[in-house]
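Undergrad: Sequential numbering of the sequence shown, starting at 6, is according to my numbering.
Shown below is the structure under consideration.
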Amino acid sequence: MRPIYHAKLVNGVWGDPGVCIDLKFQRRALLFDIGDVQSLSTRVLLRVSDVFVSHTHMDHFAGFDHLLRVCLGRDTGVRMYGPENFISQVEHKLAAYTWNLVHNYSVDFIIEAHELRADGTIARARFRSREKFRREPLADGTAEDGVLLQDEQFLVRTVALDHHDIHSLAFRFEESTHVNVWKNRLESRGLPTGPWLTDLKKQARSDAPDDTPIHVRWRTRDGSREETFSLGELKRDVLEFVPGQKVCYVTDVGWTDSNRQRLIEFAADADMLFIEAVFLDADQELAAGKSHLTTIQAGTVARLAGVREAHPFHFSSRYHDDEATQRAEFLRAWQGLTANSRTA
């Protein structure tokens with residue numbers, strides 16, 4: 006099964022937190038947090054359609070200005086999602102600049118900001134370059150089961166976690182069910198590959214009725230051919246349905262009972278987990294005071310959630326680039342080798 010995405014840390018384990026999910030077949034990218042993003046190429050930044058901000062500490066939000074500078078006048082816009090007060094914070098960022106000429110640009114750059122309220126509703130507002138980025142209120146939305154964005158091929162879900170008197174949002178990218186084509190079965194039926202398979206997959210993914218007609222047209226040496234099949238027949242004979250993959254992103258959360266339970270449930274059975282592991286186990290008190298996870302705590306979440314692949318990040322610079330020690334502690338907890346640890 007080929008995933009539709011490529012996920013990677015934007016700045017490695019020491020730099021500003023952030024993950025870029027590059028949607029390989031859509032010419033589109035998503036960002037989880039937007040701190041320093043200068044390591045991302047202009048090509049990638051111009052593909053960013055949605056930005057999910059855990060909270061607005063500088064190392065998670067300062068890169069908004071760079072994204073805006075790269076895309077303004079060259080792209081049509083971006084959707085952004087964040088915690089309470091997020092819309093006002095986007096508005097204040099935009100208000101810091103002078104926009105006396107931007108309305109003349111040929112491309113209207115539109116920022117659509119979404120703010121998750123404590124009651125689960127979504128406040129929404131729009132900022133358009135042709136209106137000099139004045140705030141335009143939009144109708145409220147909802148985030149049923151934490152879903153912030155739903156696309157044909159994926160969705161993005163969130164959960165709010167405590168980070169010392171504010172909420173930090175964790176995010177989960179979930180692929181839709183993969184629909185694969187058995188090419189050998191196509192060949193055995195004398196059917197070609199081609200654009201019609203895209204429509205077939207779309208109909209299958211949307212749960213269209215089995216009697217939905219699928220028209221297949223192609224050319225052979227003897228001329229053009231056309232046949233019509235039922236969706237149900239093709240689903241049975243040439244398609245394979247495989248569960249999509251899940252990618253979780255967790256940063257800036259305290260090791261509290263409620264956070265721990267929510268984290269384990271949210272990351273359960275993830276194919277890939279990006280999770281902060283800021284402090285070494287010996288510095289648990291420091292971690293608690295700053296509302297961050299230690300290596301052992303992060304590794305314990307990965308183990309109890311049963312994730313298939315885990316990537317610790319957001320390492321504290323106090324350890325002088327000793328990446329090996331950070332990773333070793335995390336790995337021991339993930340593998341369940343820390344039974345005597347105070348947090349295991």
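Just so you know, even glycine gets a beta-carbon here, dropped at the ideal spot from N, CA and C.
In this text, all values refer to a predicted model and were calculated from it rather than measured experimentally.
Tell me the residue span of the beta strand (DSSP E) that contains R133.
TA: Segment 126–133, the beta strand (DSSP E) holding R133.
Undergrad: With DSSP as the reference, label Q266 as helix, strand or coil.
TA: Helix, per DSSP.
Undergrad: Helix, strand or coil: which one does DSSP assign to A75?
TA: Reading off the sequence shown, one finds Val at residue 75, where the question assumed Ala. In this structure, V75 counts as helix in the three-state DSSP scheme.
Undergrad: Considering only the alpha carbon of each residue, which of K137, T182, I219 lies closest to H108?
TA: Of the candidates K137, T182, I219, the one whose C-alpha sits nearest the C-alpha of H108 is K137.
Undergrad: In angstroms, rounded to a whole number, what distance separates the CA positions of N189 and L244?
TA: Roughly 11 Å between the two C-alpha positions.
Undergrad: D145 and R129 - do their beta-carbons sit closer together than 8 Å?
TA: Contact flag set, yes.
Undergrad: From the DSSP output, which residues share a beta bridge with L36?
TA: Per DSSP, C25, V56.
Undergrad: Should G78 and F114 be called a contact, given that it needs their Cβ atoms to be closer than 8 Å?
TA: Result yes, Cβ atoms of G78 and F114 sit closer than 8 Å.
Undergrad: Can you give me the start and stop residues for the alpha helix (DSSP H) that Q155 sits inside?
TA: From DSSP, Q155 is part of no alpha helix (DSSP H) but of the beta strand (DSSP E) over 152–155.
Undergrad: Taking only runs that begin and end inside the segment 84–118, name each unbroken alpha helix (DSSP H) of 4 or more residues, in chain order.
TA: Counting whole runs of 4 or more residues, the segment 84–118 contains the alpha helix (DSSP H) stretches 91–100.
Undergrad: Which residues mark the beginning and the end of the beta strand (DSSP E) in which S229 is found?
TA: Run containing S229: 228–235, per the beta strand (DSSP E) assignment.
Undergrad: When DSSP builds the beta bridges, which residues end up paired with K13?
TA: K13 is bridged to C25.
Undergrad: Within 10 angstroms of the Cβ of S173, are there 16 or more other Cβ atoms? Answer buried if so, exposed if not.
TA: Looking at its Cβ environment, which holds 16 or more other Cβ atoms inside 10 Å, S173 is buried.
Undergrad: Sort A282, L285, A315, E238 by Cα distance to A12 and report the nearest one.
TA: Out of A282, L285, A315, E238, A315 has the C-alpha closest to the C-alpha of A12.
Undergrad: For D262 and Q158, I'd like the C-alpha separation in whole angstroms.
TA: One C-alpha to the other measures close to 34 Å.
Undergrad: When you compare only the Cα positions, how much space is there between F284 and L291?
TA: When rounded, the distance between both Cα atoms is 8 Å.
Undergrad: Taking the C-alpha atoms as reference points, what is the distance between A310 and H319?
TA: Their Cα atoms are separated by approximately 20 Å.
Undergrad: Would W223 and P200 qualify as a contact pair, given that the criterion is a beta-carbon distance under 8 Å?
TA: No.
Undergrad: Would DSSP call I301 helix, strand or coil?
TA: Three-state result, I301: helix.
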